[in-house]
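A.B. asks: Structure below; questions to follow.
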């Protein structure tokens, strides 16, 4: 089955620690996205990537970093600079690229809940 | 300021009753419009989307939405709610001039009374 997987489902971070959230898709999509979800605030865009080896900051990129070395993978690192990391993190993908049209449907993974110890 | 608003933070309806969730946007031109649903602890699933054409859009799970340009609204409706519809609902927009990003509203939480 095609889809998006995120791991782990729950992640605990200690003070000053960097942690990495995994996102993998086998939909052959060019575009991938990371969102942060807090209660009552909807989804906010952290980073997005339209193609391998390229990515752009979203609205709340401070304290986060990403890489896009492979089409299938778009890991998100929550660095120690992110002072309030407790949230639900959602990864999404869409066709994007030369084969896609604007506003293609985004497909979401099941999410990772990050908690601070 | 440009924004997507969902005026109702939480709505409770009885099973079998009709439902309408409101969404308003504030942009210079008509954007692309979406409704997503999120079950507790899960990712989001697209219910329906509007790009152009017929202003009444049919989606999955018996949902529909109507685009009203004069009111800058894209309200979601369902004639008869089922208990399994209890979830968080997000309205979202994407600007035609900046298709890279989808902007989500704050969400409306729906509870269904058996």
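Chains as they are written, first to last, in my numbering: chain E, 15 to 131; chain L, 147 to 260. Just so it is clear, CB atoms sit at the ideal spot from N, CA and C, and this is done for glycine as well.
Under the rule that 16 or more other beta-carbon atoms within 10 Å means buried, what is residue 207/L, buried or exposed?
C.D. replies: Residue 207/L comes out exposed.
A.B. asks: Please compile the residues from chain L whose C-beta is within a distance smaller than 9 Å of the C-beta of residue 69/E.
C.D. replies: Those do not exist, as residue 69/E stays about 11 Å from chain L at its closest Cβ, beyond 9 Å.
A.B. asks: Any idea what DSSP makes of residue 257/L, helix, strand or coil?
C.D. replies: In this structure, residue 257/L counts as strand in the three-state DSSP scheme.
A.B. asks: Secondary structure at residue 109/E, three-state DSSP: helix, strand or coil?
C.D. replies: Of the three classes helix, strand and coil, the one that applies to residue 109/E here is coil, per DSSP.
A.B. asks: Apply the 10 Å Cβ neighbour rule to residue 155/L and answer buried if 16 or more other Cβ atoms are within range, or exposed otherwise.
C.D. replies: Exposed.
A.B. asks: Can you find the residues in the same chain that come closer than 8 Å, C-beta to C-beta, to residue 203/L, ignoring five residues on each side of it along the sequence?
C.D. replies: Closer than 8 Å at the Cβ level, and outside the excluded window around residue 203/L, lie 194, 195, 196, 210, 211, 212, 213.
A.B. asks: Along the region 80-95 of chain E, what residues have a CB closer than 7 Å to any CB found in chain L?
C.D. replies: Taking 7 Å as the Cβ-Cβ cut-off against chain L, none of the residues of the region 80-95 of chain E qualify.
A.B. asks: Determine which residues share a DSSP beta bridge with residue 227/L and list them.
C.D. replies: Residue 227/L pairs with nothing; no bridge assigned.
A.B. asks: Can you tell me which of the three DSSP states residue 94/E falls into?
C.D. replies: DSSP places residue 94/E in coil when its eight states are reduced to three.
A.B. asks: According to a CB-to-CB cut-off of less than 7 Å, which residues of the region 41-54 of chain E neighbour chain L?
C.D. replies: From the region 41-54 of chain E, only 54 have a Cβ closer than 7 Å to chain L.
A.B. asks: Is residue 30/E close to chain L, meaning its C-beta is less than 8 Å from at least one C-beta of that chain?
C.D. replies: Residue 30/E does not count as touching chain L.
A.B. asks: CB residue 86/E to CB residue 20/E, shorter than 8 Å?
C.D. replies: Against a cut-off of 8 Å, the Cβ pair of residue 20/E and residue 86/E comes out as no contact.
A.B. asks: Note down the Cα distance separating residue 189/L from residue 104/E, rounded to an integer number of angstroms.
C.D. replies: In a straight line, the C-alpha of residue 189/L is about 7 Å away from that of residue 104/E.
A.B. asks: Check this for me: beta carbons of residue 51/E and residue 252/L, under 8 Å apart or not?
C.D. replies: Cβ distance not < 8 Å, so residue 51/E and residue 252/L don't count as in contact.
A.B. asks: Roughly how far, in whole angstroms, is the beta-carbon of residue 182/L from the beta-carbon of residue 238/L, given that I think they are within contact range, below 8 Å?
C.D. replies: 6 Å between Cβ atoms; contact.
A.B. asks: Can you check whether the CB of residue 216/L is closer than 8 Å to the CB of residue 234/L?
C.D. replies: Not in contact: residue 234/L and residue 216/L (Cβ atoms no closer than 8 Å).
A.B. asks: Which residues of the region 195-210 of chain L have a Cβ closer than 9 Å to any Cβ of chain E? Give them in chain order.
C.D. replies: So the list reads 195, 197, given in the order they occur along the chain.
A.B. asks: With 16 other CB atoms within 10 Å as the buried threshold, where does residue 175/L fall?
C.D. replies: Result: exposed.
A.B. asks: For the candidate residues 198/L, 173/L, 158/L, 151/L, whose alpha-carbon lies nearest to that of residue 241/L?
C.D. replies: Nearest C-alpha to residue 241/L: 173/L.
A.B. asks: For a contact defined as C-beta to C-beta under 9 Å, what are the partners of residue 120/E on chain L?
C.D. replies: Ordered by position in chain L, the residues that pass the 9 Å Cβ test against residue 120/E are 180, 182, 190, 192, 238, 248.
A.B. asks: Beta-carbon of residue 124/E versus every beta-carbon of chain L: anything under 8 Å?
C.D. replies: Yes, residue 124/E counts as interfacial toward chain L.
A.B. asks: Could you give the C-beta distance for residue 248/L and residue 120/E, rounded to a whole number, given that I count them as a contact under 8 Å?
C.D. replies: Contact holds; Cβ gap of about 6 Å.
A.B. asks: With 16 other CB atoms within 10 Å as the buried threshold, where does residue 152/L fall?
C.D. replies: It is buried - the Cβ of residue 152/L has at least 16 other Cβ atoms within 10 Å.
A.B. asks: Would you call the region 76-90 of chain E and the region 157-167 of chain L touching, i.e. three or more CB-CB distances under 8 Å?
C.D. replies: Not touching, per the Cβ criterion.
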